[in-house]
Amino acid sequence: MAQHVAPELPKVTVKPRRSGLTNEQRTTILGYALVAPVVICLLILVVYPFFFAIWISFTDRMIGQPGKFVGLGNYAYLIRQPDFQATVRNTIVLVGSVQTLKLVFGLGIALLLNQQIRARQFWRGLILLPWAMPGFVAFITWKLLFHPQAGALNHILISLGLVQTHVDFLSTKALAMPSVILASFWRGFPFWVITFLAGLQTVPNELYEAAAIDGADAWRRFRHVTLPGIRHVILVVVLLSTIWTTNSFEAVWLMTQGGPSNATMTFPVLAYFGLQSLRIGEAAAVAVSLIPIFALLAMIVAKMLQEQD
Amino acid sequence: MLYRLSLGQKVIYYSLLVLLALIIVFPIYYMFSISLKIPKDIYRDPSLLPTNPTIRNYVELFTKMDFLVNIRNSITVAGTATLISVLISCLAAYSLVRLRYKGRDWIGRLILFTYLTPSALLFIPLSVIIARIHLGNTLQGLIFVYLTFSAPLSTWLLMGYFRSIPADLEEQAMVDGATRLQALFRIVLPLAAPGLVAVGILTFTSAWNELLLALIFITSPSKQTVPVAISYLITGDVFRWGQIMAASVSAAIPVMLLYYLGQRFVVQGLAAGAVKG
């Protein structure tokens, strides 16, 4: 029996069903066919606009007119503008402080939730709330909280006797940026806590046991076991979130619109104003001037994420 | 996590947790409470509990203003963008994870970089392009531009999911005579269902929350999505905080409910997608 069947087997498996394609070629064609819709989409919607933005930033384009090439003219103009200078300063302050707050508190809260506490699931669900609500809702709510008459913060501060009269947080130059920072921190920290928690769970228990046997105290265990164990997660979250925070529009637009007198102006809001005033070339230059930093961050994130595969 | 907590530690930890809970819950509570207050009380009566609770703000929002239209627009835009992007993304993610062919690595890199490209960079050229193809002020145009972030997000997260499904299962099916596409639709996709749900929720909510692009591409009130409609409420001359908060609550509840129902999947998916790749 077996001798009759054996010679027939190769015929069945090797012979292609249709055409003269090999299996490998067929896989290639199927691979391209499946990935094509997304790739075409992204070429049209992201890659082309990305380079188009760079080109527009070199022209004096207005709405409805193609404009002519002005080289680095828009950039030279922007650098001299006080609102652009304020934007650069504000972005550094905003991103620097929000990220520091999120790192310190995010890590602290993640460590706290990683302890043997009751109802851990409940606490984790609770932590997620600010992040589960839509960003625009969160920032509008904070705009209300900061309101001089209707806002809760003033009521609390006055009833505690900390201030005598109503404070207009968002319209006072010195207070507007700290207010935006506070709201952005509130909305953004859950993502950090959740990813840090996920990272903490990958640190092997044996390492803590070994450290404990060696007599390491809590700080040393944190310094020599926890931190190295989640270093990678921390770095990726910091970089990703820096890209997101730098480019976030809602917080500033909904709370202060960049004011008072540019105290909270950021890149996306300034670019949006440029578009509203129809000066597309300048607006594009504002957005494009972020590309070098953004590209550097994206390249590091990409490298770190792909290394793990 | 290894150690039993001492009493002192317990006191400190639980006080910190309660403080944290207050900081998290208070703004959300305040939003609710203001949405139930009459305008006079919002400014004059600082009490945390509404003294004359009323649902008038909600009634006005849904009857006198066109908020239902805004909600319908948002559902249309976010729903369609999610359907399209999940559909094309699961094919692309499968292709990138399972099939070996030339250029695959480059396409993977392209997806990752587009995932990291912020819309703040893209809205200016997109506004020129959308105007040129006459899709400005249409919901279709908005759905189209929402693919800028939803397609890379879905693809990137689904790649993580497909990697976690053992390839043996579909190979087994193919040995039994199924074609690769049959294996994909009958074996892999049903197994990836939790992932598809998580990615669907994330894509839907990020489209539901999107403000900048909607603000630029939609000009007539009847086509405004929820975030745009609310943002116009707060930039008007008179702040009707009661209605603004009623609208905020109405906009937040569906999304937060989705998160609550899909919490386990979403958190896993995000942690896996954002950090582990």
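If you read the sequences in order, they're chains Y and G. Reading the first sequence from the start, the letters are residues 8 to 316 in the working numbering. Reading the second sequence from the start, the letters are residues 3 to 279 in the working numbering. Glycine residues also receive a C-beta, built at the ideal position from the N, C-alpha and C atoms.
Proximity to residue i [Cα-Cα], best of the options
i: Gly105(G); options: Val200(Y), Leu189(Y), Val42(Y); result: Val42(Y)
i: Ala278(Y); options: Ser76(G), Ile218(G), Arg266(G), Lys225(G); result: Ile218(G)
i: Gly195(Y); options: Phe143(Y), Arg227(Y), Gln156(Y); result: Phe143(Y)
i: Ile57(G); options: Leu193(G), Leu38(G), Ser252(G), Met67(G); result: Leu38(G)
i: Phe203(Y); options: Phe146(Y), Val174(Y), Leu110(Y); result: Leu110(Y)
i: Pro89(Y); options: Ala270(Y), Gly158(Y), Trp226(Y); result: Ala270(Y)
i: Ser87(G); options: Leu160(G), Ala249(G), Val268(G), Ile232(G); result: Leu160(G)
i: Thr253(Y); options: Met140(Y), Phe301(Y), Ile237(Y), Leu261(Y); result: Phe301(Y)
i: Gly202(G); options: Leu186(G), Thr237(G), Tyr261(G), Trp243(G); result: Tyr261(G)
i: Leu51(G); options: Met33(G), Ser152(G), Ala169(G); result: Met33(G)
i: Ser191(Y); options: Gly222(Y), Ser104(Y), Arg33(Y), Gly74(Y); result: Ser104(Y)
i: Glu169(G); options: Ala194(G), Val268(G), Val257(G); result: The sequence given here has Ala at residue 169(G), not Glu. Comparing Cα-Cα distances from Ala169(G) to each of Ala194(G), Val268(G), Val257(G), the minimum goes to Ala194(G).
i: Leu50(Y); options: Ile40(G), Val147(G), Ser76(G), Leu18(G); result: Val147(G)
i: Ala268(G); options: Pro196(G), Ala200(G), Ile40(G), Met247(G); result: One point to set straight first is that residue 268(G) is Val, not Ala, in the sequence displayed. It is Ala200(G) whose Cα lies nearest to the Cα of Val268(G).
i: Ile44(G); options: Ser252(G), Arg165(G), Ala83(G), Phe241(G); result: Phe241(G)
i: Ala94(G); options: Leu24(G), Ile135(G), Thr53(G), Leu183(G); result: Leu183(G)
i: Ser76(G); options: Ser252(G), Arg46(G), Arg266(G), Gln265(G); result: Ser252(G)
i: Val308(Y); options: Ile201(Y), Val244(Y), Ala292(Y), Arg286(Y); result: Val244(Y)
i: Leu52(Y); options: Asn72(G), Gln174(G), Leu215(G), Leu101(G); result: Leu215(G)
i: Met247(G); options: Pro192(G), Gly197(G), Pro41(G), Ala175(G); result: Pro41(G)
i: Val45(Y); options: Tyr117(G), Thr65(G), Ala23(G); result: Tyr117(G)
Any non-hydrogen atom of the ligand ATP within 7 Å of residue i CB
i: Gly264(G); result: Among the components modelled here there is no ligand, and therefore nothing to report on the ligand ATP.
Residue i, enclosing alpha helix (DSSP H) - first and last residue
i: Leu133(Y); result: 127 to 139
i: Ala223(Y); result: Here Ala223(Y) belongs to no alpha helix (DSSP H), and DSSP marks it neither H nor E.
i: Val54(Y); result: Looking at the DSSP string, Val54(Y) is not in any alpha helix (DSSP H), and its letter there is neither H nor E.
i: Phe229(Y); result: Phe229(Y) -> no alpha helix (DSSP H), and no H or E assigned at all.
i: Gly143(G); result: 141 to 166
i: Ile124(Y); result: That residue, Ile124(Y), is in no alpha helix (DSSP H); it is neither H nor E in DSSP.
i: Asn290(G); result: In the structure displayed, chain G extends from 3 to 279; residue 290(G) sits before or after that span and is not available.
i: Leu41(Y); result: 30 to 49
i: Ser166(Y); result: 159 to 166
i: Ile135(G); result: Unbroken run through Ile135(G): none, as it is neither H nor E.
i: Lys180(Y); result: 180 to 207
i: Gln313(Y); result: 298 to 314
i: Leu246(Y); result: 234 to 253
i: Ser91(G); result: 69 to 100
i: Val20(G); result: 9 to 37
i: Lys150(Y); result: 142 to 152
i: Gly27(Y); result: Here Gly27(Y) belongs to no alpha helix (DSSP H), and DSSP marks it neither H nor E.
i: Thr172(Y); result: No alpha helix (DSSP H) holds Thr172(Y); DSSP gives it neither H nor E.
i: Arg242(G); result: Run containing Arg242(G): none; DSSP gives neither H nor E here.
i: Glu257(Y); result: 257 to 262
i: Ala292(Y); result: 287 to 295
i: Ala180(G); result: Neither: Ala180(G) is in no alpha helix (DSSP H) and is coded neither H nor E.
According to DSSP, residues forming a beta bridge with residue i
i: Thr66(Y); result: Phe76(Y)
CB of residue i within 8 Å of CB of residue j, strictly
i: Ser91(G); j: Ser156(G); result: yes
i: Leu119(Y); j: Arg131(Y); result: no
i: Ile327(Y); j: Ile255(G); result: Only positions 8 to 316 of chain Y appear in the structure, and residue 327(Y) is not among them; the question remains open.
i: Leu235(G); j: Gln226(G); result: no
i: Ile189(G); j: Glu212(G); result: no
i: Phe58(Y); j: Phe65(Y); result: no
i: Leu149(G); j: Thr78(G); result: no
i: Leu167(Y); j: Leu160(Y); result: no
i: Val187(Y); j: Thr263(Y); result: yes
i: Thr205(G); j: Ser152(G); result: yes
i: Ile126(G); j: Ala294(Y); result: yes
i: Ile26(G); j: Leu136(Y); result: yes
i: Met272(Y); j: Asn97(Y); result: yes
i: Gln106(Y); j: Ser296(Y); result: no
i: Leu114(G); j: Leu312(Y); result: yes
i: Lys180(Y); j: Ser255(Y); result: no
i: Leu186(G); j: Tyr96(G); result: yes
Residue i at chain A interface by Cβ criterion, 8 Å
i: Trp226(Y); result: Of the chains in the structure shown, none is chain A; the protein chains are Y and G.
Report task. Select from the segment 99 to 122 of chain Y all residues with a C-beta closer than 7 Å to any C-beta belonging to chain G, and list them in chain order. Result -> Ile116, Leu119, Asn121, Gln122
Query raised in the report: Quick one, which residues of the segment 27 to 46 of chain Y are near chain G if we go by CB-CB under 9 Å, in chain order?
Result: Listed by position, the residues of the segment 27 to 46 of chain Y near chain G (Cβ gap below 9 Å) are Glu31, Arg33, Thr34, Thr35, Ile36, Leu37, Gly38, Tyr39, Ala40, Leu41, Val42, Ala43, Pro44, Val45, Val46.
Requested in this report: Check distances from the C-beta atoms of the segment 146 to 175 of chain Y to those of chain G and list, in chain order, the residues that come in under 7 Å.
Outcome: In summary, the residues of the segment 146 to 175 of chain Y whose CB is separated from some CB of chain G by less than 7 Å are Ile147, Thr148, Trp149, Lys150, Leu151, Leu152, Gln156, Ala157, Ala159, His162, in the order they occur in the chain.
Query - Short-range partners of chain Y found in the segment 15 to 36 of chain G, where Cβ spacing is below 8 Å - result: Residues of the segment 15 to 36 of chain G with a C-beta atom less than 8 Å from some C-beta of chain Y are Tyr15, Tyr16, Leu18, Leu19, Leu22, Ala23, Ile25, Ile26, Val27, Phe28, Pro29, Ile30, Tyr32, Met33, Ile36, listed in chain order.
Query raised in the report: Closer than 9 Å, Cβ to any Cβ of chain G: which residues of the segment 48 to 59 of chain Y, in chain order?
Result: Cys48, Leu49, Leu50, Ile51, Leu52, Val53, Val54, Tyr55, Pro56, Phe57, Phe58, Phe59
**Report entry** Cβ-based contacts, 8 Å cut-off: residues of the segment 111 to 122 of chain G near chain Y
**Finding:** Arg111, Leu112, Ile113, Leu114, Phe115, Thr116, Leu118, Thr119, Pro120, Ser121, Ala122
Report task. Closer than 9 Å, Cβ to Cβ, to anything on chain Y: give me those residues from the segment 171 to 199 of chain G, in chain order. Result -> Among the residues of the segment 171 to 199 of chain G, those with a Cβ less than 9 Å away from any Cβ of chain Y are Arg182, Leu183, Leu186, in the order of the chain.
Requested in this report: Using a Cβ-Cβ cut-off of less than 8 Å, list which residues of the segment 218 to 231 of chain G approach chain Y; keep chain order.
Outcome: Ile218, Pro229
Query raised in the report: Mind listing which residues of the segment 95 to 107 of chain G have their C-beta closer than 9 Å to chain Y's C-betas, in chain order?
Result: Ala95, Tyr96, Ser97, Leu98, Arg100, Leu101, Arg102, Tyr103, Lys104, Gly105, Arg106, Asp107
Report task. Closer than 8 Å, Cβ to Cβ, to anything on chain Y: give me those residues from the segment 142 to 157 of chain G, in chain order. Result -> Phe146, Val147, Leu149, Thr150, Ala153, Pro154, Thr157
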